[in-house]
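Quick note: the sequence shown uses the UniProt record's numbering, first residue 1, plus one each step. Positions of the beta carbon are idealized from the N, C-alpha and C atoms, including for glycine. Note that the structure is a prediction, hence the values are computed from the model and not measured.
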Amino acid sequence: MTGEARVEDYLALLKPNVMQLVVFTAIVGLVVAPGGIHPVIGVIAIVCIAIGAGASGALNMWYDADIDAIMSRTANRPIPAGRITGGEALVFGLVLSVFSVALLGLATNWVAAGLLAFTIFFYAVIYTMWLKRSTPQNIVIGGAAGAFPPMVGWAAVSGTITMESVALFLIIFLWTPPHFWALALYKQSDYGAAGVPMMPNVAGEASTKFQILAYTALLAVSSLLPSWLGFAGPIYSVVAVITGASFLFLAWRLYRTNEDVPMRKAARVVFNYSLSYLFVLFFALLADNLLARFGMFA
Numbered sequence: 001m002t003g004e005a006r007v008e009d010y011l012a013l014l015k016p017n018v019m020q021l022v023v024f025t026a027i028v029g030l031v032v033a034p035g036g037i038h039p040v041i042g043v044i045a046i047v048c049i050a051i052g053a054g055a056s057g058a059l060n061m062w063y064d065a066d067i068d069a070i071m072s073r074t075a076n077r078p079i080p081a082g083r084i085t086g087g088e089a090l091v092f093g094l095v096l097s098v099f100s101v102a103l104l105g106l107a108t109n110w111v112a113a114g115l116l117a118f119t120i121f122f123y124a125v126i127y128t129m130w131l132k133r134s135t136p137q138n139i140v141i142g143g144a145a146g147a148f149p150p151m152v153g154w155a156a157v158s159g160t161i162t163m164e165s166v167a168l169f170l171i172i173f174l175w176t177p178p179h180f181w182a183l184a185l186y187k188q189s190d191y192g193a194a195g196v197p198m199m200p201n202v203a204g205e206a207s208t209k210f211q212i213l214a215y216t217a218l219l220a221v222s223s224l225l226p227s228w229l230g231f232a233g234p235i236y237s238v239v240a241v242i243t244g245a246s247f248l249f250l251a252w253r254l255y256r257t258n259e260d261v262p263m264r265k266a267a268r269v270v271f272n273y274s275l276s277y278l279f280v281l282f283f284a285l286l287a288d289n290l291l292a293r294f295g296m297f298a
């Protein structure tokens with residue numbers, strides 16, 4: 001089995017698709033933070049955050065190999081497919097975890113390193129080992145793990161945790177439930193077969209759709225926090241209003257759709273939109289701050 005492992009299989013353990021969003025939001029947090037950081041140190045910080053996120057993914061795949069083998073969208077992951085052993089994935093994840101935290105602490109500061117260490121622990125232990133299989137609120141609470149990267153990037157520059165960085169955390173935290181519950185609505189048979197208590201399987205479709213709508217409304221409001229706190233300008237404000245209203249409309253349409261096939265299609269639309277939503281929102285924040293630094297919105 002171990003002889004069949006390729007470099008691509010170890011890269012797959014890092015969940016590169018998830019890592020893209022983690023890295024991008026961390027970059028935004030790092031760039032938007034007050035003060036400055038040497039470009040080389042900034043690159044090292046982002047690489048450390050990426051490696052830490054990848055380590056979390058590897059530990060998640062190690063622990064979840066049994067249910068990954070049951071679910072259609074995860075059955076071809078390296079461990080259930082037999083290309084990497086669980087032990088190899090565990091060692092890989094632990095080594096990357098220690099390396100990323102230690103290097104970030106030495107390169108920047110130990111506040112950022114501590115946040116990264118807590119992020120890895122939260123995702124691998126609190127979410128993967130405890131919440132995911134025990135409560136339909138797994139995504140709500142566990143979503144904190146994916147919301148920490150911009151705080152880590154911010155702390156790498158400033159060495160502090162501020163209201164501004166908490167606002168970035170809150171946006172991603174509130175984005176996570178509608179994002180994953182929309183996926184769960186059209187993949188609920190997979191989660192049911194694997195015994196994962198996702199909201200549609202436990203509370204039903206109607207309750208899940210209402211909660212998606214409620215969290216989307218909270219998200220639309222929280223997305224305006226950067227403007228209210230004064231670290232975003234007109235570009236971000238306009239984008240936040242338009243994208244938030246669009247997200248809310250799609251969530252409302254899903255809530256009003258009851259027939260099975262149209263409902264699953266509407267859920268897929270919400271899920272797909274949510275993928276681009278966060279990228280667009282954080283890109284607008286990045287653009288706003290870069291333009292302000294060049295004096296365009298001074």
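| Item | Value |
| --- | --- |
| Which runs of the alpha helix (DSSP H) spanning at least 4 residues fall entirely within the segment 243-281, listed in chain order? | none |
| Taking only the alpha-carbon atoms, compute the straight-line gap between Arg77 and Ala12 and give it to the nearest angstrom. | 7 Å |
| Report the three-state DSSP secondary structure of Gly3 (helix, strand or coil). | Below a pLDDT of 50, predicted positions are generally treated as unreliable, and Gly3, at 48, falls in that range; the measurement from the model is reported next regardless. Note: Gly3 maps to helix in three-state DSSP. |
| Can you give me the Cβ contacts of Asn17 inside the same chain, cut-off strictly under 6 Å, excluding the 5 residues immediately before and after it? | none |
| Between which two residues does the alpha helix (DSSP H) harbouring Leu219 extend? | 205-222 |
| My output table needs one value for Asp64: the three-state DSSP class, helix, strand or coil. | coil |
| Taking buried to mean at least 16 other C-beta atoms within 10 Å of its own C-beta, is Met71 buried or exposed? | buried |
| Rounded to the nearest angstrom, what separates Asn109 and Asn138 at their Cα positions? | 31 Å |
| Give me the residue from Leu185, His179, Ala287, Tyr277 with the minimum Cα distance to Val202. | Leu185 |
| Please classify Asn289: is it buried, with 16 or more other beta-carbons within 10 angstroms of its beta-carbon, or exposed? | buried |
| Does the beta-carbon of Pro136 have 16 or more other beta-carbons within 10 angstroms, so that it is buried, or is it exposed? | buried |
| Apart from the five residues just before and just after Ala287, which ones in its own chain have a Cβ nearer than 7 Å to its Cβ? | Ile235 |
| By how many angstroms is the C-alpha of Leu96 removed from the C-alpha of Trp175? | 27 Å |
| How close, in whole Å, do the beta carbons of Leu30 and Gly230 come, if the pair is a contact with beta carbons under 8 Å? | At roughly 19 Å, the Cβ-Cβ gap does not stay under 8 Å, so Leu30 and Gly230 are not in contact. |
| Alpha helix (DSSP H) containing Pro80: first to last residue? | No alpha helix (DSSP H) holds Pro80; DSSP gives it neither H nor E. |
| What is the residue span of the alpha helix (DSSP H) that residue 380 lies within? | The structure shown does not extend to residue 380, since the chain is modelled only from 1 through 298, so no value can be given for it. |
| Assuming Val157 and Gly52 are in contact, meaning their beta carbons sit under 8 Å apart, how far apart are those beta carbons, in whole angstroms? | Not confirmed; about 17 Å, so no contact. |
| Look up Asn109 in the DSSP assignment and say whether it is helix, strand or coil. | coil |
| If you follow the alpha helix (DSSP H) that Phe173 is part of, which residue opens it and which one closes it? | 163-186 |
| Short of 6 Å in beta carbon distance, which residues of its chain neighbour Leu116, apart from the five on each side in sequence? Order them along the chain. | Gly52, Val101, Leu104, Val152 |
| Tell me the DSSP secondary structure of Gln20 in three-state form. | helix |
| For Val32, count neighbouring Cβ atoms within 10 angstroms of its own Cβ and tell me buried if that reaches 16, exposed if not. | buried |
| Pull up the CB-CB distance for Met19 and Gly54, whole angstroms please, since I reckon it's below 8 Å. | 6 Å |
| Does the segment 57-64 come close enough to the segment 166-182 to have 3 or more Cβ pairs within less than 8 Å? | no |
| Going by the beta-carbon positions, is the gap between Leu254 and Lys209 smaller than 8 Å? | yes |
| Among Val140, Asp260, Thr243, Thr162, which one has its Cα closest to the Cα of Leu275? | Thr243 |
| To the nearest angstrom, how far is it from the Cα of Trp252 to the Cα of Leu213? | 6 Å |
| Where does Ile70 fall in DSSP's three states? | coil |
| Quick check on Phe283: does DSSP put it in helix, strand or coil? | helix |
| Where does Gly87 sit, in a helix, a strand or coil, going by DSSP? | helix |
| From the DSSP output, in three-state form, read off Pro136 for me. | coil |
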